[in-house]
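Below you'll find the structure, written out as structure tokens, and then a few comments.
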Amino acid sequence: MAKNLLIVESPAKAKTINKYLGKDFHVLASYGHVRDLVPKEGAVDPEHGFAMRYELIEKNEKHVEAIAKAAKVADAVYLATDPDREGEAISWHISEILKERGLLKGKTLHRVVFTEITPKAIKAAVENPRQVAGDLVDAQQARRALDYLVGFNLSPVLWRKVQRGLSAGRVQSPALRMIVEREEEIEAFVPREYWSMEAELNHPQQAFTARLVKLDGQKFEQFTITDSKAAEAARARLVKAAGDALRVTDVVSKERKRRPSPPFITSTLQQEAARKLGFTTSRTMRVAQKLYEGVAIGEEGSVGLISYMRTDSVNLSVDAVVEIRDVIARDFGTQAVPDKPNEYKSKSKNAQEAHEAIRPTSALRTPASIAKYLDDDARRLYELIWKRTVASQMVPATMNTVSVELAAGSEHSFRASGTTVIDPGFLAVYEEGKDAKSAEDDDEGRKLPPMKTGQTVPLGSIHTDQHFTEPPPRFSEASLVKTLEEYGIGRPSTYASIIQVLQNREYVYLDNRRFRPSDVGRAVANFLTGHFTQYVDYDFTAKLEDELDSVAAGEAAWVPLLERFWKPFKATIDEKSESVDRSEATGSRVLGTDPKSGKPVSVRLGRYGPFAQIGTAEDEDKPKFASLRPGTSMHTITLEEALPLFNLPRALGQFEGKDVTVAIGRFGPFAKWGDTYASLGKEDDPYTISFEQAVERVQAKIEMIANRTIKVFPGTDIQVLNGRYGPYITDGEKNGKIPKDRDPASLTQEECVALLAEGKPVRKGGRFGKKAATKKAPAKKAVKKEATEAAPKKAPAKKAAKKATKKAAKKATKTAAKKPAAKKAVKKATKAA
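First residue of the sequence shown: 1, per UniProt numbering; consecutive thereafter.
What follows is the structure in structure tokens.
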């Protein structure tokens, strides 16, 4: 039995480290956090010093038990969780659990940290242990308490004032506000017309273009010319003044140096992976985690390929720099190695967990040498990290910029610029990606022919180009991370989760890889901005992060920080719960008047998403309701777009004596035939789908129901069914797996009972601990009746659906053998329709 127990977070890391430490160590994984706050009110008690009640995380209980069992027989326990606040907190929780169980008596407890998983780093960490850092734990607990207090107190206000089931996060809410404000900027944007002018010049050695910079003796600016008439008049003046050539009045040649970018930190890695590889932030972190924890490299076995990927630091260790410089000299020549190592300073005010930048654990492992051991994602990300790191220690690129002024008469002039690379330096390895192209980029790489002052250059033509100003672009993942970092909102380890939470809550969605807010997201952001202004203020959120950093650094206590936050926050919660009217929080709009009824047409946010309404609750007749079409926003929809929404449900015709209709229900568009409901596909539009297509969807549903049941056992609830992932057993309470070597149809009742005993409970959704059913996109949700609203007709409830399923299955069984006849009936019904 090993004398020492070492605990890490992941099993992959445990496997790699176990190999390095040998038989004296037993390495186990905690599988992330082992305890969390009790998921109910009162888990953080502001009345008693913000005391926090924790409980074991259910899915990790077995891992905690394994750790406790191993700790009981070990001489020493080493806590080797990640080297950040979260990792420190996990180590603290494990130590607390072991203390409570009396398993640390007579044993030594060590905290060890390393930023790379290599034999050298692991052994050095074990030989130089420390104690759990209380300041880092306090900072993590303070952050967790803040997030809990905001979530558990603000979310219920959102339920009452906006929509049931919503939630608000301390850091996610300012990020959502950013996305919403950008969308509102875009909607309010009014494009302005402007014109540019260029001269086409036919130099004997090389043709080139020059842009107008002076017109009528004045600097030519973006809005100097704003219509076609003025543009044509100006062009005529230029042509007349220039004649058949432009005269060179000035030539400026300037050599400049361009330094390499620093090695990656978490945020810059996320941004660059988004720009160059098309990775989401969560995908980047997932792949980086794998590279950090270890990959099997031939005879070497499992090796950590990069240093820890959650960091603010741009520093590189002395050993790493020495090795990188050797690789540069070997692969790119000694002239590519600077006289002394390049040093970089972090832009972050409070560079947290300042270890090292993200770098290869060995620069000698070139991307080409290990490509065969990596999957495509890992290979591409490793190559990005390796190139950025190596380039950061190379000489600057030497560029030559030439700018030429060319006159057209005495009152007008054009300018041509070009930049050529004299010595590529670091550019031989890596160039940082850019979010948008600029005029400077157009000049880069363009070489101009040699010209001297006084020389004339033949003029080919002068042309004008019309342009319109464009609104600011929506945020991409890269630009959102960059902006969050610039504002100081969140920290490197939180960016991926911020974005993921906003998407999971359906507050935002990606459109052409750019974030757009949903109507629900806008309602949440506008409600919070209007009524909880301070708590979604960018400066306030950043200041709070700075205060948490002060706690981590041991410069401030965490309880006073929480007290300063909690008292005014609770007072605002209490006041807004009473004073705010729901109708002003949801962005309701009147679009105009219905030409048929003369009643007002409006849009508003209901329990299941945005919807249009004809009439009001005060009318004698009930109002009419209609869900918005996918991709339509209640903030931009027009009266002309809203009126056709009331054409649903559509009657398409009859099939086998029953009506076929299409409508939109709570779970999206569907076709209905008798008691059978069939969801429409993503490609189907309920407003235009044909009778034939709708009948196809119904038939497919009937066939699916008929084929779903493999076997039933009369007198019991046990069934063998075909599921999405293959055959399985169920009794409605539990689902059981079927052995791969068994024919599902041959299973006996006794075998099914035994397999169900080992099965998992049917997932039924719930607020805590259980996964709720997957929601449809907000635009597809049906509208449900609220206190003052009626609702559009919705899909049948569970009992009705079950009844319809049984009926359809029975009918399908009878007609299964008559497929040709059914098709014939469809054809006949189609003609009749």
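Idealized CB from N, CA, C, for every residue including glycine.
{"Check": "Mind checking whether Arg35 and Glu55 have CB atoms under 9 Å apart?", "Outcome": "yes"}
{"Check": "Helix, strand or coil for Lys3, going by three-state DSSP, please let me know.", "Outcome": "coil"}
{"Check": "Take the Cβ of Ile225 as the centre, count every other Cβ of all protein chains shown within 10 Å, and call the residue buried at 16 or more, exposed below.", "Outcome": "buried"}
{"Check": "Return the Cβ separation of Ala671 and Arg708 in integer angstroms, given the expectation that the two are a contact with Cβ distance under 8 Å.", "Outcome": "At roughly 19 Å, the Cβ-Cβ gap does not stay under 8 Å, so Ala671 and Arg708 are not in contact."}
{"Check": "Flag Ala397 as yes when its Cβ comes closer than 8 Å to any non-hydrogen atom of the ligand ADP, and as no otherwise.", "Outcome": "Although the ligand ADP was asked about, the structure shown includes no ligands whatsoever."}
{"Check": "Give the DSSP-derived three-state secondary structure of Ile689 in the structure shown.", "Outcome": "coil"}
{"Check": "If you count every other CB in all the chains shown that lies within 10 Å of the CB of Glu86, and 16 or more means buried, which is it?", "Outcome": "buried"}
{"Check": "Is the CB-CB distance between Asp82 and Tyr382 below 9 Å?", "Outcome": "no"}
{"Check": "Can you give the beta carbon distance from Gly409 to Ala234, rounded, assuming they're within the 8 Å contact cut?", "Outcome": "Actually they do not touch by this definition, with Cβ atoms about 13 Å apart."}
{"Check": "Kindly indicate the opening and closing residues of the alpha helix (DSSP H) around Gly530.", "Outcome": "519 to 531"}
{"Check": "In the DSSP assignment, find the unbroken alpha helix (DSSP H) run with His63 in it and report its ends.", "Outcome": "61 to 73"}
{"Check": "Less than 9 Å separating the beta-carbons of Ser392 and His355?", "Outcome": "no"}
{"Check": "Evaluate the contact criterion for the stretch 567 to 579 versus the stretch 162 to 177: three or more CB pairs, one atom per stretch, below 8 Å.", "Outcome": "no"}
{"Check": "Sorted by chain position, which residues of the same chain lie with C-beta nearer than 6 Å to Thr366's C-beta, five sequence neighbours on each side aside?", "Outcome": "none"}
{"Check": "Per DSSP, residue 883 forms a beta bridge with which residues?", "Outcome": "Residue numbering for the chain in the displayed model covers 1 to 833; residue 883 lies beyond these limits and cannot be assessed."}
{"Check": "Is it buried or exposed, Asn504, if we count other Cβ atoms within 10 angstroms and call 16 or more buried?", "Outcome": "exposed"}
{"Check": "In three-state terms, what does DSSP make of Gln719?", "Outcome": "strand"}
{"Check": "Going straight from the alpha carbon of Pro129 to that of Val77, what length do you get?", "Outcome": "11 Å"}
{"Check": "What are the boundary residues of the alpha helix (DSSP H) that includes Leu246?", "Outcome": "Unbroken run through Leu246 is the beta strand (DSSP E), 245 to 258; no alpha helix (DSSP H)."}
{"Check": "Can you tell which of Val559, Glu703, Ala43, Pro595 has the C-alpha that lies nearest to the C-alpha of Tyr148?", "Outcome": "Ala43"}
{"Check": "Can you find the residues in the same chain that come closer than 7 Å, C-beta to C-beta, to Pro778, ignoring five residues on each side of it along the sequence?", "Outcome": "Caution applies to Pro778, whose pLDDT of 39 falls short of 50 and renders its modelled position unreliable; the model cannot decide the point."}
{"Check": "Quick one: measure Cβ to Cβ for Gly466 and Glu193, integer angstroms, because I've assumed they're closer than 8 Å.", "Outcome": "Here residue 466 is Gln; the residue named in the question, Gly, does not match the sequence. So it is a contact: roughly 7 Å between Cβ atoms."}
{"Check": "Can the beta-carbon of Thr266 be found closer than 9 Å to that of Arg310?", "Outcome": "yes"}
{"Check": "Can you tell which of Ala320, Leu305, Lys387 has the C-alpha that lies nearest to the C-alpha of Ala261?", "Outcome": "What sits at residue 261 in the sequence shown is Ser, not Ala. Taking only the C-alpha atoms, the option nearest Ser261 is Lys387."}
{"Check": "Determine contact between the stretch 194 to 212 and the stretch 544 to 561, defined as no fewer than three beta-carbon pairs at a distance below 8 Å.", "Outcome": "no"}
{"Check": "Measure the CB-CB distance between Ser403 and Ala274 and report whether it falls below 9 Å.", "Outcome": "no"}
{"Check": "CA-CA distance, Ile710 and Ile97?", "Outcome": "48 Å"}
{"Check": "Excluding the 5 residues flanking Ala245 on each side, which residues of the same chain have their C-beta closer than 7 Å to its C-beta?", "Outcome": "Thr456, Val457, Pro458, Leu459"}
{"Check": "Report all residues from its chain with a CB closer than 7 Å to the CB of Gly49; omit the five preceding and five following residues, and keep chain order.", "Outcome": "Val559"}
{"Check": "For a quick check, are the C-beta atoms of Glu272 and Leu384 less than 9 Å apart?", "Outcome": "yes"}
{"Check": "With a floor of 3 residues, list each beta strand (DSSP E) that falls wholly inside the stretch 700 to 757, ordered by position along the chain.", "Outcome": "709 to 712, 719 to 723, 726 to 730, 734 to 736"}
{"Check": "Among Leu544, Ala357, Glu555, whose alpha-carbon lies nearest the alpha-carbon of Arg564?", "Outcome": "Leu544"}
{"Check": "Which same chain residues, not among the five before or five after Pro669, have their C-beta less than 6 Å away from its C-beta?", "Outcome": "Leu680, Pro686"}
{"Check": "Just the Cα atoms here: how many angstroms apart are Ile718 and Gly759?", "Outcome": "13 Å"}
{"Check": "Return yes when the Cβ of Lys740 is within less than 9 Å of the Cβ of Leu756, no when it is not.", "Outcome": "no"}
{"Check": "Put Gly668 into one of helix, strand or coil per three-state DSSP.", "Outcome": "strand"}
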